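Numbers in my numbering are just positions in the sequence shown, counted from 1, shifted up by 32.
In what follows, a structure is listed as structure tokens, so that the remarks can point back to it.
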Amino acid sequence: MTQTTRGTAAQRSEARAAAAAPDASGQFTHRQILTIIAGLMVAMFLAALDQTVVSTAIRTIADDLQGYDLQAWATTAFLITSTITTPLYGKLSDIYGRRPFYLFAIAVFVVGSLACAFAQSMYQLAGARALQGIGAGGLMSLALAIIGDIVPPRERSRYQGFFMAVFGTSSVLGPVIGGFLAGRDQLLTFDGWRWIFLINVPLGILAFVVVSRVLHLPHARREHRIDWPGALALVVFLVPLLVVAEQGRTWGWSSGGALTCYAVGAVGFVLFLLAERAYGEEAMLPLRLFRNRTFAIGGISSVVLGAGMFGGILLLPQYLQIVHGSSATVAGLQMIPLVGGIMTGAVSSGIAIGRTGKYKAFPLVGIGFMVVALVSLSFIVEADTSVWALFPFMVLLGLGLGFNFQPVILAVQNSVSPREMGVATSSVTFFRQMGGTLGVAVFLSLLFSRLPVEIGEAFRSAGLGSLAGSVDVDAALSDTSSIASAPPEAVQAFKVGFSESIDLVFLIAACVVAVGFFVLLFLPQLELSNKSGIQAQQEAADATATGDATEADDAVRAAGAAAPTSVSPVQGPAAGDGTTGDGVAERGPRH
Numbered sequence: 033m034t035q036t037t038r039g040t041a042a043q044r045s046e047a048r049a050a051a052a053a054p055d056a057s058g059q060f061t062h063r064q065i066l067t068i069i070a071g072l073m074v075a076m077f078l079a080a081l082d083q084t085v086v087s088t089a090i091r092t093i094a095d096d097l098q099g100y101d102l103q104a105w106a107t108t109a110f111l112i113t114s115t116i117t118t119p120l121y122g123k124l125s126d127i128y129g130r131r132p133f134y135l136f137a138i139a140v141f142v143v144g145s146l147a148c149a150f151a152q153s154m155y156q157l158a159g160a161r162a163l164q165g166i167g168a169g170g171l172m173s174l175a176l177a178i179i180g181d182i183v184p185p186r187e188r189s190r191y192q193g194f195f196m197a198v199f200g201t202s203s204v205l206g207p208v209i210g211g212f213l214a215g216r217d218q219l220l221t222f223d224g225w226r227w228i229f230l231i232n233v234p235l236g237i238l239a240f241v242v243v244s245r246v247l248h249l250p251h252a253r254r255e256h257r258i259d260w261p262g263a264l265a266l267v268v269f270l271v272p273l274l275v276v277a278e279q280g281r282t283w284g285w286s287s288g289g290a291l292t293c294y295a296v297g298a299v300g301f302v303l304f305l306l307a308e309r310a311y312g313e314e315a316m317l318p319l320r321l322f323r324n325r326t327f328a329i330g331g332i333s334s335v336v337l338g339a340g341m342f343g344g345i346l347l348l349p350q351y352l353q354i355v356h357g358s359s360a361t362v363a364g365l366q367m368i369p370l371v372g373g374i375m376t377g378a379v380s381s382g383i384a385i386g387r388t389g390k391y392k393a394f395p396l397v398g399i400g401f402m403v404v405a406l407v408s409l410s411f412i413v414e415a416d417t418s419v420w421a422l423f424p425f426m427v428l429l430g431l432g433l434g435f436n437f438q439p440v441i442l443a444v445q446n447s448v449s450p451r452e453m454g455v456a457t458s459s460v461t462f463f464r465q466m467g468g469t470l471g472v473a474v475f476l477s478l479l480f481s482r483l484p485v486e487i488g489e490a491f492r493s494a495g496l497g498s499l500a501g502s503v504d505v506d507a508a509l510s511d512t513s514s515i516a517s518a519p520p521e522a523v524q525a526f527k528v529g530f531s532e533s534i535d536l537v538f539l540i541a542a543c544v545v546a547v548g549f550f551v552l553l554f555l556p557q558l559e560l561s562n563k564s565g566i567q568a569q570q571e572a573a574d575a576t577a578t579g580d581a582t583e584a585d586d587a588v589r590a591a592g593a594a595a596p597t598s599v600s601p602v603q604g605p606a607a608g609d610g611t612t613g614d615g616v617a618e619r620g621p622r623h
């Protein structure tokens, strides 16, 4: 390549970066924001679609790789790495910039997808899924943090609605695509299920190219120690807990393996707290943030609502497949009313928040919708309940979810320094993931513990006590077609017992969600800022450069006023605060 050609390419790259960059005040145009969001949506679609597709096809994959009893580890490996890396991406992107880490996440996800596609055993697949999870951990949390960087809180909700559309679409398309591909023996010389992962490659490359071209955010790099002890302690804390959450039902919650996981997790938690305290402002998750009432309430509510929401949502497809005999593909299509409710709730709440500047009422109203929907489902779900009778309550549940997803993240982003946008956003996502994992584990354990009792009672009520052993409960839950060979009256009794069991779980899920209402009552209603994270940081840097400390502090808080119990991160100079020794902020290059 000649020097002239290299110079021309460099000029074109610089021109693209300049066109994608904000103006002098840090403000992006509406067109620039939509262009960036388009790139983020492609990457987020990868992660959202992958989870629903794989869950639909995992049984086919396990049978083909002759590892039926190991299939849970493919899910567990992905869950562990994606959960652990979520807060790491947030902290590191605050220090070094969002762009390199988002591109890294996409690249790792694509490489992991290729490894999954060519796996020859369940052990190889589990390892490849772990690699894939490392990439997935950054695709969601960093996208929300990037939106926080470029869009003011007052306008942020209406843009975040686009992301809800991505999740809604993926939750419908996932089972359809997964069922279609898993049902094909061969497709262009590859096993059908391998295309579930191969399809990620062109989509990932597209996302990488788009994001690399349009995402150019100004960033001032700060001198900062990396909290490696905290990261290691987080691994020691989370890995055993996530493993027991996924495997505890099989092992037994009081088995030796489970007790060992509890003990190791407890030690890891103590070590994590000690590491974060020792690193102070440079910690991966500064403990000071928990003195910010908005952050603390947002974190607690995310755990509680994550448990209730994901635990409750999991049960609907189970009911549709086992009681109504729907395939995974059909069950996905039958969930469209829920998805429509989520998208409607997210978009409408975003528009209302943008107009009024008030966000607190929406999660509270949303919880009310969710509780009503779950309690109603616990009463109407029977063995012979029509699917059409479920649709209004699916819509109501979806509205409640849509009202909750964005406002809590918005409130947290609005209440912290823009320099901590990444760690705050990833922390809320992390807490929600942990709550969802806990909820799924608890609710499935409860369901499985009630099933033998309720099914036995249903058989006795139908005068079929002698046929109670003709249905293998575990096999029926793993493969819904396995009950087809049982006598019709036994099948009906099984469906009655399952419906009675799931009614109780819906009711408990409603109680868990209701707890979130009382938690969110304490969420402060703060004024939403009209400045994006980048605008606030640039104002702070300009004020610091002129020596006006008061103006600098006000500018740093411009992304949202601190709650009454908050502690500001700008109470005097601190290590890694983005200034040089003379107090002048370093202006870093665009990334």
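Quick reminder that beta carbons are idealized off the backbone N, C-alpha and C, glycines included.
From a predicted model like this one, the values you see are computed outputs, not experimental measurements.
Going by DSSP, which residues form a beta bridge with residue 222? Note: residue 222 sits in a beta bridge opposite 219.
Quick one: residues in its chain with C-beta nearer than 8 Å to the C-beta of residue 374, no 5 flanking neighbours on either side, listed in chain order? 196, 199, 200, 430, 431, 433, 434, 437
CB residue 458 to CB residue 173, shorter than 8 Å? yes
What three-state label does DSSP hand residue 185 in the structure shown? helix
State buried or exposed for residue 90, treating a residue as buried only when at least 16 other CB atoms are found within 10 Å of its CB. Residue 90 should be labelled buried.
Does the segment 122-130 come close enough to the segment 449-469 that 3 or more CB-CB pairs lie under 8 Å? yes
Quick one: using the 10 Å Cβ neighbour count with 16 as the cut-off for buried, is residue 324 buried or exposed? buried
Is there contact between the segment 214-232 and the segment 128-138, where contact requires at least three CB pairs shorter than 8 Å? no
Straight-line CA distance for residue 527 to residue 364? 20 Å
With distances taken between CB atoms, is the gap from residue 451 to residue 536 smaller than 8 Å? no
Roughly how many angstroms lie between the CA atoms of residue 495 and residue 116, to the nearest whole one? 51 Å
Could you give the DSSP three-state label for residue 121: helix, strand or coil? Residue 121 falls in the helix class under three-state DSSP.
In chain order, what residues of the same chain lie with their CB nearer than 6 Å to the CB of residue 162, ignoring the 5 residues before and after it? 109, 113
Look at the alpha carbon of residue 484 and the alpha carbon of residue 423, and state the distance between them as a whole number of angstroms. 29 Å
Are the segment 469-478 and the segment 335-345 in contact at 8 Å, needing three or more beta carbon pairs? yes
Residue 391, DSSP secondary structure in three states: coil
For chain B, find out if any of its Cβ atoms is closer than 8 Å to the Cβ of residue 315; answer yes or no. The displayed structure is made up of one protein chain only, and chain B is not part of it.
Applying the 10 Å Cβ sphere with the 16-neighbour rule, what's the burial state of residue 118? buried
Could you name the residues of the same chain whose beta carbon sits closer than 7 Å to that of residue 624, not counting the 5 residues immediately before and after it, in chain order? For the chain, the structure presents residues 33 to 623; residue 624 sits outside this window and is missing.
Express the C-alpha separation of residue 210 and residue 85 in angstroms, rounding to a whole number. 4 Å
Buried or exposed: which applies to residue 220, given that a residue is buried once 16 or more other Cβ atoms fall within 10 Å of its Cβ? exposed
Length of the line joining the Cα atoms of residue 265 and residue 314: 15 Å
From the DSSP output, in three-state form, read off residue 283 for me. helix
Which full runs of the beta strand (DSSP E) of 3+ residues lie inside the segment 148-174, going along the chain? none
Using the Cβ count rule (16 or more neighbours within 10 Å means buried), how would you classify residue 446? buried
Kindly indicate which residue of 348, 441, 257, 148 has the alpha-carbon position closest to the one of residue 391. It is 441.
Contacting residues, own chain, Cβ-Cβ under 7 Å from residue 304 (five flanking each side not counted): 262, 265, 266, 269
Rounded C-beta distance between residue 548 and residue 333? I'm assuming under 8 Å. 5 Å
From what residue to what residue does the alpha helix (DSSP H) around residue 548 run? 520-552
Considering only residues of the same chain and omitting the five flanking positions on each side of residue 396, which have a CB-CB separation below 8 Å? Spatial neighbours of residue 396 in its own chain (CB-CB distance under 8 Å, excluding positions within 5 residues in sequence) are listed in chain order as 549, 552, 553.
The alpha helix (DSSP H) with residue 641 in it runs from where to where? Missing from the structure shown is residue 641; the chain here goes from 33 to 623 and no further.
Going by C-alpha to C-alpha distance, which of 402, 400, 180, 169 sits closest to residue 463? Among 402, 400, 180, 169, the Cα nearest to that of residue 463 belongs to 169.
Helix, strand or coil for residue 129, going by three-state DSSP, please let me know. Collapsing the DSSP output to three states places residue 129 in coil.
Please classify residue 486 as buried or exposed, where buried requires at least 16 neighbouring CB atoms within 10 angstroms. Buried, by the Cβ-count rule.
Considering only their Cβ atoms, is the gap separating residue 383 from residue 188 smaller than 8 Å? With a cutoff of 8 Å on beta-carbon distance, residue 188 and residue 383 are scored as not near each other.
Whole angstroms are fine: how far does the CA of residue 178 sit from the CA of residue 586? Low confidence applies here, because residue 586 scores a pLDDT of 48, under 50, leaving its location unreliable; read the following figure in that light. About 22 Å.
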